[in-house]
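Residue numbers (this note's numbering): 1229 to 1596.
Data block below; observations after.
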Amino acid sequence: MPVARLVVIASAFVIAAPDQVRGFSTRNPVPRMHWIPDQVRDDIAGVRDDIGGVRDDIAGVRDDIAGARNDNGISAIPLPLSEAPELSSTTCVYLRPQRLGEALSALADQPLTILAGGTDFYAARSGQAITESVLDITALPELRSLQDEGARWRIGATVTWSQIVRATLPAQFRGLQLAACDIGGIQVQNMGTLAGNVCNASPSADGVPVLLTMDAQVELASLAGRRCVPLNEFVLGNRRTARLPGELVTAILVPRRERARSSFLKLGNRRYLVISIAMVAVLIDTDADGVISHAGIAVGSCSEVAQRLRSLEQKLLGRHATSGLSALAEAQDLQVLSPIDDVRGSAAYRRDAALTMVRRAIEEALHE
Ligand SMILES: Cc1cc2nc3c(=O)[nH]c(=O)nc-3n(C[C@H](O)[C@H](O)[C@H](O)COP(=O)(O)OP(=O)(O)OC[C@H]3O[C@@H](n4cnc5c(N)ncnc54)[C@H](O)[C@@H]3O)c2cc1C
1229 MPVARLVVIA
1239 SAFVIAAPDQ
1249 VRGFSTRNPV
1259 PRMHWIPDQV
1269 RDDIAGVRDD
1279 IGGVRDDIAG
1289 VRDDIAGARN
1299 DNGISAIPLP
1309 LSEAPELSST
1319 TCVYLRPQRL
1329 GEALSALADQ
1339 PLTILAGGTD
1349 FYAARSGQAI
1359 TESVLDITAL
1369 PELRSLQDEG
1379 ARWRIGATVT
1389 WSQIVRATLP
1399 AQFRGLQLAA
1409 CDIGGIQVQN
1419 MGTLAGNVCN
1429 ASPSADGVPV
1439 LLTMDAQVEL
1449 ASLAGRRCVP
1459 LNEFVLGNRR
1469 TARLPGELVT
1479 AILVPRRERA
1489 RSSFLKLGNR
1499 RYLVISIAMV
1509 AVLIDTDADG
1519 VISHAGIAVG
1529 SCSEVAQRLR
1539 SLEQKLLGRH
1549 ATSGLSALAE
1559 AQDLQVLSPI
1569 DDVRGSAAYR
1579 RDAALTMVRR
1589 AIEEALHE
C-alpha cells in the first residue's frame, strides 16, 4: 500500500475514534479512545521511518542541485530580492519571488524568461544548459486561484490543467475541462498551466481554440499597471504574443455565460500524449427560449493561430438549439484555415478531418 495512503488511513483511525465513541458509545468512552491495534501501531512506526528516509533523500537531492548550480555558474538567489547580490552580465539567475510587486520589479529591471509549470520551457531546452535568467512565478499567491467574479471567471496564471479538471464549473467550461483531460499525461496536467499554454503560442496549443470560443481575455500586469487584451489579439502567430517586455500574464478572464454549453474534440495519432493534428472547440449560448444568442466555433492546429469560423457561427445565431444544426457546416466555412502538410498529416487530411470534427462538436455541444 502506498505510504501516503497508509498515513491517511492510520491517522483517520486515530482521529476518528474519539468522535465515533462520543457519538455512539457515550457510556464507556475513555478506554476505546486510546485503543490502537498493534498492527496499526507497527504500520505507523514503519511509515514514520519511511518519511525519515524520504527526508534524507530530499536533503541529498538538494545538495546535488546546489552542486550542479555551482558547476554551471548558476546562482540561486534567496528572496527577498533586496538581499540579492549585484549581478554580473554573465551570471544566470533564478528568481522565485513571493510577491507580485517583486516579480514585476525584477521583470522591469532585467530580461527574464518567465517560468510557470515548465512543461514547454524545459521541453524546448531538452539536453541543453539553461543559459538565461529565469523568473519562476509559482510562489505568487495571487496567481493560483480559479475564481467566480460574478460577470466573469478569473483563471490565475498558475492554475494548472489538473486544477481545471477537478474544479466544479458550469457547462460553459465543459470544453475546457475536456481539453484539460487531453493535455499530455497526468504529470503534465499537474504542472502545466492554461496561461503557459496561451503564452507559449503554439499552433497546436489545445487551450487556445476553447478560450477563443469563450471570448476570453488575457490580463497582463507590469510596473505601469494592468491591461486586458482579447485572446484573438494576444496570440499573434507561432510563438508570438502581444506581451510587452516587463509584462507578466496574471490571469485569463472568461465572461460568464449562464446557459452556455460547450464541447471539445481533439484528433491525434494516438489517444494520449499526442500533439493535435486538429482540434475543435464549440460553445453555444441561448436565451431563455432556447434560441442561440452566441456561437463560438474554433479550430486549432490547422493554421498558425487557431481560428474562429465566423461564417458558420453566423448561420447558427437566431436558430433554436436543437440537434441537426451541424448540417449547416460546409467546407467553405473552413476557408479561413491554412493547414500545412507535416509529419502528422497532410493539409487536405486536416481540412477534411476538421469539417467532420466541427459537425460532431456542434452536435455534442447541443446535446450537453
Ligand atoms: C510530454 C508533454 C506533453 C504535452 N502535451 C500537450 C498537449 O496535449 N496539448 C497542449 O496544448 N500542450 C501540450 N504540452 C505543452 C505544455 O504542457 C502546455 O503548453 C502547458 O500548458 C504549458 O504550461 P506551463 O505552465 O508548463 O508553461 P511553461 O513551460 O512554464 O511556459 C511556457 C511559455 O509561456 C511563458 N509563460 C508562462 N507563463 C507565463 C506568464 N504568466 N506570463 C508570461 N509568460 C508566461 C514562458 O516564458 C514560456 O515561454 C505538452 C508538453 C509535454 C512536455
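In this text, a Cβ means the ideal position worked out from N, Cα and C, and glycines have one as well.
| Asked | Found |
| --- | --- |
| Smallest Cα separation from Arg1402: which of Thr1319, Pro1339, Val1510? | Val1510 |
| Rounded C-beta distance between Leu1448 and Val1477? I'm assuming under 8 Å. | 6 Å |
| Sort out for me which residues DSSP pairs Gly1573 with in a bridge. | Asp1570 |
| Under DSSP, the beta strand (DSSP E) around Phe1607 begins and ends at which residues? | With the chain covering only 1229 through 1596, there is no way to say anything about residue 1607. |
| Thinking C-alpha only, which one of Glu1541, Leu1540, Cys1530 is nearest Ala1576? | Cys1530 |
| Spatial neighbours of Leu1307 within its chain, please: CB distance less than 8 Å, with the 5 preceding and 5 following residues excluded, ordered by chain position. | At Leu1307 the pLDDT is 47, less than 50, meaning the model places this residue with poor confidence; the figure from the coordinates comes in the next sentence. Closer than 8 Å at the Cβ level, and outside the excluded window around Leu1307, lie Leu1323, Arg1324, Pro1325, Gln1326, Glu1330. |
| Between Leu1594 and Leu1553, is the Cβ-Cβ spacing less than 8 Å? | yes |
| Can you tell me where the beta strand (DSSP E) holding Leu1328 begins and where it ends? | From DSSP, Leu1328 is part of no beta strand (DSSP E) but of the alpha helix (DSSP H) over 1328–1337. |
| Excluding the five sequence neighbours on either side, which residues of its own chain have a C-beta within less than 7 Å of the C-beta of Ala1470, listed in chain order? | Val1457, Glu1461, Phe1462, Leu1464 |
| Below 8 Å, can you find three or more Cβ-Cβ pairs linking the stretch 1349–1360 to the stretch 1369–1386? | no |
| Taking Pro1458 as part of the beta strand (DSSP E), name the residues at either end of that continuous run. | 1453–1458 |
| Determine contact between the stretch 1391–1405 and the stretch 1341–1355, defined as no fewer than three beta-carbon pairs at a distance below 8 Å. | no |
| Between the alpha carbons of Arg1536 and Thr1550, how many angstroms are there, rounded? | 21 Å |
| So what does Ile1414 bridge to, in DSSP terms? | None; Ile1414 has no bridge partner. |
| Buried or exposed for Asn1497, please, with buried defined as at least 16 other CB atoms from any protein chain shown within 10 angstroms of its CB. | exposed |
| How about Leu1440 and Leu1459: do their beta carbons lie closer than 8 Å? | yes |
| When every heavy atom of ligand 1 is checked, does at least one fall within less than 7 Å of the C-beta of Met1419? | yes |
| So, is Asp1434 buried or exposed, given that buried needs 16 or more other C-beta atoms within 10 angstroms? | buried |
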